[in-house]
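Protein chains in written order, with this note's numbering: chain A, 1402 to 1879; chain B, 1402 to 1879. Note that CB positions come from ideal geometry on N, CA and C, so glycine has one too.
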């Protein structure tokens, strides 16, 4: 077995691993990057990018299907060229992956190693059976994998995970999407809009990452009107039958339902790629869920020379957070034991469904109802949204009672990917309701809906009005 | 002649006048609202709302025309049902106008007066020839009107202003749009996308409200690729001919051009409705352009009991600014001579073209090149923009050299109506480049393009990097 001695060993060459490598190199560390799978990040290969490409084709199809109300007519129905849709997804996806591969290519051969790593001790990794790596510190950035519920074990080769969808040569005739989290909702709605007869099932009582009961219900109503959506299902059975999959389940109302589909897409969430690493050999302390106890401000596990970054940490499985965790882990691994804590960004989580979903700052479920006030707005009749035929949704903004400081928001509506940024930046800067109302809101824009919710908050908080909330008195005129 | 004696007389029942009325009423003043034209605001009747409705139909038509690259195919070409487009514009427009009319309807009859007002003295108005109004203070919120260049005088009834477009029963076969400011660009592109053979002419060297030479040139390039656009034209002659208008002009390169179109749309800007008010009788001090000297923080003209609000002030002819000016004018008119100054919002100006244009905070033309640094990004290959087939544009952000405080931006690109809000809020809060980079940027979003421009600024300003700009060290880890 070969032996390697380095300052920092990094397991995983994804977004977090590559960011960790850059930071560790900047600090002058001798770094080894270990990757067991294909190069290219989850984001570029099977996550953010291909899903957004598929969603855009679906949105275009939906625009065309609803074009007549805007005075634009077409002959017959739009034809979805599934092969062309998927070819574009892969072509553009491969371009994004290409950028990642180029950056991996630029790493000198002696600084990277192919193979599956597992711990032998806190500072020792064995890679496949060919190399033993001793490192002063180790960054684990091993990513996550789709989780397959056990009741889908009888589906055989008709069972897909999200990765597989992008590899289809053509779109299937029908599919059941199991799980309506971020990925399930995005893919379920896209497939439906692309003409796939799509069944959307989830044992959960919610869709997406929502926790606010009002927004949760609104989302179920809105998506339920468009999709064949069943939430809160129980006792699902799935078995492969000739040319497809037969599904049987109990709906929330107790009725038994059945359906046969070409494929089942499991989108029941992703799980950190930890088990194969033998973390117990490194004496990694685990919580009740088998997750390492990691400080998100340092990325460090306990006092060990081991740092966790990206989806494997299960902290915030989002691209931009993985990049931050990678940077923090790389910075601290290179300087171990001189570990520093970093301020994390305000949470921002977006689902690219239509209407979109966003969770900003502290979600409803993490707030104390007694110390906060809720301002809200419906987008069902909001001016600009109506102009665009996108008038559907509801937003609730949370502020603390004392000074009206903005805490967070749960959002369902048009372009909340953008208004979500606006609110996340406001929350991170400690802006108050009154302060936010002093900012410019153009006309006619969806941001005016956010102003309506802020004014609702101002009224409920009984903020003192000088002129109106939003105008700031600066003293006597000349 | 009738006589009326009130605390505050308001000339104009548009956005600014109605806002002024509410504030003056809140302060307990006896108010009279005088309107010479139809009720309903410029915004709702002929401005923001109908233009956005027309633009949305045009965008839908454009989406369909470019759908094939996303794998969505239609038979033949999309058919623009011009009558249906314009019927929707008017139907939805009338709904927005209806809300305004309802609010006017709610005003007691004795508090409003129909007729054209003109000054007799600083506190005296004569309305038509039927009423003389004495007021302790007067708010002038008389709005603005399209300006018609003199070289269009030979066009006769083939000459249109933007208001007329929304009253068409069907779309014309061809049109020339003269002037490529905000309204000209929005309408010119919409008509083109709705199948009208559209000629876009402007004597100016720019399109929209841009002042940054890089963004100006980019805009001319981008819109020039799609539209039949001629900037910097000279010596235009226009005369009505059988069934249309014949135009002759000299292009920037000196060549003479000719064209015949069905209609000419004059969009050479709007002018404040001042002349008919006889402001000289109120001893209103005027600047070199014949505009009253008004303090935007108080809305007051000199030390007179006269306040100017909305488009008539020519300060910032934007809906949200008109509402602010109305509130300030109403507040101060009711309390005159106890006049207070209010902080105005950071400038935000948006053109709803495709790509969109935004000017935020201090425009390039208002900055001292020696004390500021420019960060920039091209949207021609930006990730998410490319996914949506909207990868076209360029953004430049300005920061002062000492602390990297954000000053403003000029923007051409997808969804800059949203990223413009993000930057305008950041500018108003005095955020620095480093502070902005600490905020969350989701993935994949157009906001990441803004981050690229901020990182460019950070590099040029040689900001000290702890981890990387955007991560904030909060001290030793545990």
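Nearest neighbour of residue i, chosen from the options [CA to CA]
i                      : options                           : result
residue 1452 (chain A) : A:1852, A:1636, A:1716 and A:1585 : A:1585
residue 1545 (chain B) : B:1417, B:1601, B:1570 and B:1539 : B:1417
residue 1478 (chain B) : B:1845, B:1463, B:1486 and B:1489 : B:1463
residue 1881 (chain B) : B:1777, B:1791 and B:1808         : Since the first residue shown for chain B is 1402 and the last is 1879, residue 1881 (chain B) is missing from the structure and cannot be characterised.
residue 1815 (chain A) : A:1833, A:1846 and A:1840         : A:1846
residue 1720 (chain A) : B:1754, B:1849, B:1739 and B:1598 : B:1849
residue 1563 (chain A) : A:1470, A:1634, A:1444 and A:1658 : A:1444
residue 1514 (chain B) : B:1503, B:1504 and B:1528         : B:1528
residue 1576 (chain B) : B:1732, B:1661 and B:1447         : B:1661
residue 1427 (chain A) : A:1496, A:1470 and A:1731         : A:1731
residue 1440 (chain B) : B:1472, B:1497, B:1473 and B:1423 : B:1497
Beta-carbon spacing of residue i, residue j below 9 Å
i                      : j                      : result
residue 1786 (chain A) : residue 1780 (chain A) : yes
residue 1724 (chain B) : residue 1420 (chain B) : yes
residue 1590 (chain A) : residue 1624 (chain A) : yes
residue 1823 (chain B) : residue 1826 (chain A) : yes
residue 1651 (chain A) : residue 1608 (chain A) : no
residue 1556 (chain B) : residue 1665 (chain B) : yes
residue 1435 (chain B) : residue 1425 (chain B) : no
residue 1481 (chain A) : residue 1458 (chain A) : yes
residue 1647 (chain A) : residue 1601 (chain A) : no
residue 1840 (chain B) : residue 1806 (chain A) : no
residue 1368 (chain A) : residue 1691 (chain A) : Residue 1368 (chain A) falls outside the range modelled here, since chain A spans only 1402 to 1879, and no answer is possible.
residue 1722 (chain B) : residue 1523 (chain B) : no
residue 1726 (chain B) : residue 1697 (chain B) : yes
residue 1754 (chain B) : residue 1587 (chain B) : yes
residue 1819 (chain A) : residue 1716 (chain B) : no
residue 1756 (chain A) : residue 1714 (chain A) : no
Cutoff 6 Å; reference residue i; Cβ partners in own chain excluding five residues on either side
i                      : result
residue 1811 (chain A) : 1611, 1613, 1616, 1760, 1765 and 1797
residue 1407 (chain A) : 1431, 1433 and 1536
residue 1538 (chain B) : 1409, 1706, 1734 and 1737
residue 1637 (chain A) : 1552 and 1650
residue 1561 (chain A) : 1664 and 1666
residue 1404 (chain A) : 1533
residue 1870 (chain B) : Residue confidence for residue 1870 (chain B) is low, a pLDDT of 44 falling below 50, so the modelled location carries little weight; the figure read from the coordinates is stated next. Closer than 6 Å at Cβ, skipping near neighbours: 1835, 1838, 1859 and 1864.
residue 1718 (chain B) : 1712
residue 1653 (chain B) : 1633
residue 1729 (chain A) : 1700 and 1743
residue 1655 (chain A) : none
residue 1487 (chain B) : 1569
Same chain only: Cβ atoms within 7 Å of residue i, ignoring 5 sequence neighbours per side
i                      : result
residue 1774 (chain B) : 1800, 1802, 1858, 1861 and 1862
residue 1784 (chain A) : 1845 and 1849
residue 1641 (chain B) : 1555, 1556, 1557 and 1559
residue 1703 (chain B) : 1686 and 1694
Close Cβ partners of residue i (< 8 Å) along its chain, the five nearest in sequence each way excluded
i                      : result
residue 1530 (chain A) : 1402
residue 1678 (chain B) : 1412, 1518, 1519, 1520, 1541 and 1543
residue 1454 (chain A) : 1489, 1490, 1493 and 1494
residue 1597 (chain A) : 1572, 1573, 1574, 1575 and 1576
residue 1628 (chain A) : 1589, 1590, 1593, 1599 and 1601
heavy atom of the ligand COA below 8 Å from residue i C-beta
i                      : result
residue 1405 (chain B) : Of ligands this structure carries none, so the ligand COA is not represented either.
Exercise for the section: Could you please tell me which residues of the segment 1476–1489 of chain B, in chain order, have their CB closer than 9 Å to any CB of chain A? Expected result: 1476, 1477, 1478, 1479, 1480, 1481, 1482, 1483, 1484, 1485, 1486, 1487, 1488 and 1489
Practice task
Output the residue ranges of the beta strand (DSSP E) runs that lie fully inside the segment 1541–1600 of chain B and measure 3 residues or longer, sorted by chain position.
Solution key: 1545–1547, 1560–1562 and 1575–1579
Practice task
Give, in chain order, every residue of the segment 1609–1640 of chain A whose Cβ lies closer than 8 Å to some Cβ of chain B.
Solution key: none
Practice task
Could you name each continuous beta strand (DSSP E) segment of 3 residues or more that falls completely within the segment 1667–1710 of chain B, going from the start of the chain to the end?
Solution key: 1671–1673 and 1707–1709
Problem - Residues of the segment 1807–1818 of chain B with Cβ closer than 8 Å to any Cβ of chain A, in chain order - result: 1816 and 1818
Practice task
Pick out the complete alpha helix (DSSP H) segments inside the segment 1402–1474 of chain A, 4 residues or longer, and give them in chain order.
Solution key: 1416–1427, 1443–1446 and 1449–1466
Problem - Residues from the segment 1745–1768 of chain A in contact with chain B, defined by Cβ distance under 7 Å - result: 1746, 1747, 1749 and 1751
Exercise for the section: Can you check the segment 1805–1847 of chain A for any beta strand (DSSP E) of at least 3 residues that lies completely inside it and give the ranges in chain order? Expected result: 1807–1814
Problem - Within 9 Å of chain A by C-beta, residues of the segment 1829–1842 of chain B in sequence order - result: 1829, 1830, 1832, 1836, 1837, 1839, 1840, 1841 and 1842
Exercise for the section: Determine which residues of the segment 1777–1788 of chain A have a Cβ less than 9 Å from any Cβ of chain B, and write them out in chain order. Expected result: 1784, 1785, 1787 and 1788
Exercise for the section: Could you pull out every unbroken alpha helix (DSSP H) segment of at least 4 residues lying fully inside the segment 1483–1510 of chain A, listed in chain order? Expected result: 1483–1506
Practice task
Mind listing, in chain order, the continuous beta strand (DSSP E) runs of no fewer than 3 residues lying wholly within the segment 1719–1754 of chain B?
Solution key: 1741–1744 and 1749–1752
Problem - Whole alpha helix (DSSP H) elements within the segment 1613–1657 of chain B, 4-residue minimum - result: 1614–1627
Exercise for the section: Taking only beta carbons into account, state which residues of the segment 1706–1730 of chain B come closer than 9 Å to chain A, listed in chain order. Expected result: 1719, 1720, 1721, 1722, 1724, 1725, 1728 and 1729
Problem - Residues from the segment 1844–1861 of chain A in contact with chain B, defined by Cβ distance under 7 Å - result: 1844, 1845, 1846 and 1848
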